[in-house]
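Colleague:
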Amino acid sequence: MKRVAVFTSGGDAPGMNACIRAVVRGAVYHGVEVFGIRRGYNGMINGDIFPMTSHSVSNIVQRGGTILKSARSKEFMTPEGRKKAYDQLMSHGIEGLIAIGGNGTFTGALKFFEEYHIPTVGAPGTIDNDLYGTDYTIGYDTAVNTALEAIDKIRDTADSHDRVFFIEVMGRDSGYIAIQSGIAGGAELVMVPEVLTPIPEVVETLKQGWSRSKSSSIIIVAEGDVEGNAVVLAEQIREQVGVDIDMRVTTLGHIQRGGVPTAYDRILASRLGLGALEGLMEGQKNVMAGIVNNELIYTPFIDTIKLPKPINEDLLRMVRILSV
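Quick note: the sequence shown uses the working numbering, first residue 1, plus one each step.
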């Protein structure tokens with residue numbers, strides 16, 4: 001394989017730049033021409049493709065976001081859009097792709113291969129840590145630490161004013177950020193989409209705390225919790241508590257996606273970027289590079305897309321025990 005291209009797609013994640021850097025410098029080391037594609041599949045369709053060198057990725061390992069930009073492409077979901085993308089790749093002589101993203105990115109790559117036989121190896125770039133085939137995804141560790149910093153600060157004001165705070169973190173379909181930041185931040189309760197937490201249980205947890213003279217509480221809510229978002233939850237619980245309790249809601253939102261990547265995310269992204277490139281060179285296709293038990297493995301896109309990645313129930317048990 002003489003020419004490859006790298007792109008980022010879907011939601012941005014801290015560490016994506018470190019991954020791009022590893023792909024580019026790995027390609028230079030192996031004597032492979034490498035191109036960048038700006039704005040994901042949209043850029044592929046529109047021909048926003050350019051050659052990259054070692055200098056192209058200088059001084060980016062510490063930067064959040066992605067220098068290649070990112071976008072979600074409705075046009076790529078159509079046969080006409082994929083044909084345009086294929087024609088653009090062929091005009092640049094590109095033989096393989098490295099896709100940094102999540103489920104939607106890999107679904108698009110799999111469909112693209114079925115029609116045009118362009119091999120792709122993926123690197124898992126998403127803060128949600130919800131991809132089967134890797135213990136951790138690029139950006140997850142940074143997002144947890146960002147959430148934790150906010151939780152620590154909110155804990156100070158909750159204690160000062162005897163308040164109950166509901167803190168909503170990202171994770172529409174995955175409670176990984178919620179559970180890890182909740183344990184590290186000493187939350188009284190963590191609500192995640194994988195496990196139903198009935199409203200009466202939340203009320204009982206709060207009442208038990210008050211019976212022990214606990215004057216403030218932190219409840220972490222993953223945005224995809226089946227009971228609803230944090231604002232809805234707070235109102236439902238306020239109605240059931242039946243006493244005048246000062247409750248506040250903070251939604252952390254997209255702050256969790258930005259910022260300087262942690263050392264762990266930089267190293268993980270570098271391993272996965274180089275692993276994706278070398279896997280592509282060795283003939284891997286339609287797989288995601290991941291780290292499981294500290295070993296580099298390749299998981300078929302179909303498994304990454306279809307198979308669930310459940311939260312360890314011991315972590316949920318830990319929250320209950322440590323909040324007593």
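A virtual CB, placed ideally from N, CA and C, is assigned to each residue, including glycine.
At which residues does the alpha helix (DSSP H) containing residue 301 begin and terminate?
Modeller: From DSSP, the alpha helix (DSSP H) with residue 301 extends over 301-306.
Colleague: So, helix, strand or coil for residue 213, using DSSP?
Modeller: DSSP places residue 213 in coil when its eight states are reduced to three.
Colleague: Check residue 238 in the structure and name its three-state DSSP category.
Modeller: If DSSP states are grouped into helix, strand and coil, residue 238 belongs with the helices.
Colleague: Report all residues from its chain with a CB closer than 6 Å to the CB of residue 43; omit the five preceding and five following residues, and keep chain order.
Modeller: 37, listed in sequence order.
Colleague: Do the region 148-156 and the region 185-200 touch if we need at least three Cβ pairs shorter than 8 Å?
Modeller: The region 148-156, when compared against the region 185-200, does touch it at the 8 Å Cβ threshold.
Colleague: Give the DSSP-derived three-state secondary structure of residue 170 in the structure shown.
Modeller: Of the three classes helix, strand and coil, the one that applies to residue 170 here is coil, per DSSP.
Colleague: Report buried or exposed for residue 285, applying the criterion of at least 16 other Cβ atoms within 10 angstroms of its Cβ.
Modeller: Its Cβ being crowded by 16 or more others within 10 Å, residue 285 is buried.
Colleague: Does the region 80-99 come within contact of the region 57-69, defined as at least 3 CB pairs closer than 8 Å?
Modeller: Verdict: no, contact absent.
Colleague: By how many angstroms is the C-alpha of residue 161 removed from the C-alpha of residue 47?
Modeller: C-alpha separation (whole angstroms): 56 Å.
Colleague: Report back the beta-carbon spacing between residue 289 and residue 276 to the nearest angstrom; my notes put them in contact at under 8 Å.
Modeller: Yes, they are in contact, since the Cβ atoms of residue 289 and residue 276 sit about 4 Å apart, within 8 Å.
Colleague: If you draw a straight line from the alpha carbon of residue 58 to that of residue 35, how long is it in whole angstroms?
Modeller: Computed Cα separation, rounded: 15 Å.
Colleague: What number of angstroms, rounded off, separates the C-alpha of residue 101 from the C-alpha of residue 72?
Modeller: Residue 101 and residue 72: Cα-Cα distance of roughly 11 Å.
Colleague: For the region 108-118 and the region 133-148, state whether three or more C-beta atom pairs, one from each stretch, are separated by less than 8 Å.
Modeller: The answer is no - the region 133-148 does not touch the region 108-118, with fewer than three Cβ pairs under 8 Å.
Colleague: Please state if the CB of residue 256 and the CB of residue 143 are separated by a distance shorter than 8 Å.
Modeller: Their beta carbons are under 8 Å apart, which means residue 143 touches residue 256 by this criterion.
Colleague: For the candidate residues 127, 217, 22, 194, whose alpha-carbon lies nearest to that of residue 52?
Modeller: The residue with the shortest Cα to Cα distance from residue 52 is 22.
Colleague: How long is the line joining the alpha carbons of residue 232 and residue 179, rounded to whole angstroms?
Modeller: Their Cα atoms are separated by approximately 20 Å.
Colleague: For residue 196, name the three-state secondary structure that DSSP assigns.
Modeller: In this structure, residue 196 counts as coil in the three-state DSSP scheme.
Colleague: From residue 176 to residue 127, what does the alpha carbon distance come to, in whole angstroms?
Modeller: Going from the Cα of residue 176 to the Cα of residue 127 covers about 9 Å.
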